[in-house]
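Working notes, structure below.
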Amino acid sequence: MFGSDKKSPRNGNHAVETLVGPRAVIRGDVTFTGGLYVEGSIHGKVLAEEGSAAVITIADTGHVEGEVHAPVVVINGRMTGDVHASERIELAANARVNGNIHYKVVEMAAGAMITGRLIHADAPLAQLTGPEAPAAAAARAKAKAEVQEA
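To convert, note that position 64 of the sequence shown is 66 in my numbering; the numbers rise steadily by one, no gaps.
What follows is the structure in structure tokens.
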């Protein structure tokens with residue numbers, strides 16, 4: 003269907019196996035392998051099958067509202083929800099992400115926008131939770147002092 007036409011959607015070295023056309027709207031979760039190219043809208047989770055070499059590309063006209071879990075994620079459209087890219091995420095110039103991005107490697111073009119956090123896959127949980135509440139810190143200090151007195 004896509005052949006070698008230069009205008010055909012491609013995901014790096016992965017051919018597109020599933021295309022969500024510009025007028026298509028999917029409501030519900032989507033599970034996929036291979037290449038998924040989104041020009042329309044998906045309202046629900048988008049999950050790559052475990053252990054697959056899957057790539058999702060959200061085109062400039064595409065929109066996903068829900069979580070995305072895939073090894074490679076390429077965004078040039080709108081994403082509302084958290085992204086979990088176990089290998090790599092690429093944010094093109096028109097990317098608009100409203101959610102947290104969990105990644106190992108990130109590539110971001112000038113013009114891409116993120117409203118959320120970039121969270122490296124190896125980041126310790128303590129860095130993600132933010133500063134402690136003063137009451138919790140005081141209680142911990144008091145308990146430590148009591149242990150030292152005993």
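Glycine residues also receive a C-beta, built at the ideal position from the N, C-alpha and C atoms.
Helix, strand or coil at residue i [DSSP, three-state]
| i | result |
| --- | --- |
| N100 | strand |
| A26 | coil |
| V18 | strand |
| M3 | Residue confidence is low: M3 scores 35 on pLDDT, short of 50, so the model does not pin down where it sits. Its coordinate-derived value is still stated next. Coil. |
| K8 | No answer about K8 holds up, because its pLDDT of 38 lies below 50 and its placement is not dependable. |
| A72 | strand |
Pairwise C-alpha distance: residue j and residue i
| i | j | result |
| --- | --- | --- |
| V22 | V107 | 26 Å |
| T20 | V48 | 13 Å |
| R80 | A55 | 23 Å |
| G36 | V76 | 13 Å |
| A97 | M110 | 9 Å |
| M3 | G101 | Reliability of the predicted coordinates at M3 is poor, the pLDDT of 35 falling under 50, and the value obtained from them is presented with this limitation in mind. The alpha-carbon atoms of M3 and G101 are separated by roughly 34 Å. |
| A95 | I103 | 16 Å |
| Y105 | P73 | 9 Å |
| E92 | G83 | 16 Å |
| A87 | M115 | 17 Å |
| V70 | V85 | 5 Å |
| E155 | N78 | With the chain running from 3 to 152 in the structure shown, residue 155 is simply not present. |
| D7 | G46 | For D7, the predicted model reports a pLDDT of 41, less than 50, meaning its position is unreliable; a value from the coordinates is still stated below. Approximately 31 Å between the Cα atoms of the pair. |
| S43 | D124 | 31 Å |
| T59 | A17 | 11 Å |
| V57 | H65 | 16 Å |
Below-8 Å beta-carbon distance, residue i vs any chain B residue
| i | result |
| --- | --- |
| N100 | Looking for chain B here will not work: only one protein chain is present. |
Run of the beta strand (DSSP E) containing residue i, from where it starts to where it stops
| i | result |
| --- | --- |
| S88 | 85-93 |
| G37 | 37-40 |
Beta-ladder partner(s) of residue i, from DSSP
| i | result |
| --- | --- |
| R80 | H65, R98 |
| E52 | According to DSSP, which records beta bridges pairwise, E52 is partnered with nothing at all. |
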